[in-house]
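Have a look at the structure below before the remarks.
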Amino acid sequence: MAIFSVYVVNKAGGLIYQLDSYAPRAETEKTFSYPLDLLLKLHDERVLVAFGQRDGIRGIKFVVLADPRQSGIDSLLRKIYEIYSDFALKNPFYSLEMPIRCELFDQNLKLALEVAEKAGTFGPGS
């Protein structure tokens, strides 16, 4: 399973945090010359988009792009909210509605995504 990206959007609709956690490996390096020979293929892949908003923080939206087979997305959104409250909001140098630039937030979010991808879900005690 895979979690592709996590976004945090403020109430004005501005992107205040973005994390791309899944980057497919490039199989070969390609160089292009003009004119480009393009071949379009249809792919039957879907992406699950999950939105989360907590009552304590009005207007902040958490967006997770994940594989549709990934389980525990609601629990992951709760965990992201918890990480946001603990490491961004309690940071004395962070101002609401501003981009999140906190190393502890980054580290804990990446750890939570790794746990979610491996386990597939979060329990109530995590």
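For what it's worth, this note's numbering labels the leading residue of the sequence shown as 1, then goes sequentially. For every residue, glycine included, the Cβ atom is placed at its ideal position computed from N, Cα and C.
- For residue 5, the uninterrupted beta strand (DSSP E) run begins and ends at 3-9, by DSSP.
- Distance from the CA of residue 92 to the CA of residue 114, rounded to the nearest whole angstrom, comes to 27 Å.
- Judged by their CB atoms, residue 109 and residue 15 are not nearer to each other than the 8 Å cut-off.
- Sixteen is the threshold: when 16 or more other Cβ atoms of the shown chains lie within 10 Å of the Cβ of residue 79, as they do, the residue is buried.
- Secondary structure note for residue 81: its alpha helix (DSSP H) is the uninterrupted segment 73-83.
- Put simply, of 12, 60 and 73 the residue whose alpha carbon is nearest the alpha carbon of residue 4 is 73.
- Between residue 17 and residue 99, the C-beta gap is smaller than 8 Å, which places the two residues in contact.
- When beta bridges are read from the DSSP output, residue 18 appears opposite 7.
- Of the residues assessed, residue 12 falls on the exposed side of the cut-off, its CB having fewer than 16 other CB atoms within 10 angstroms.
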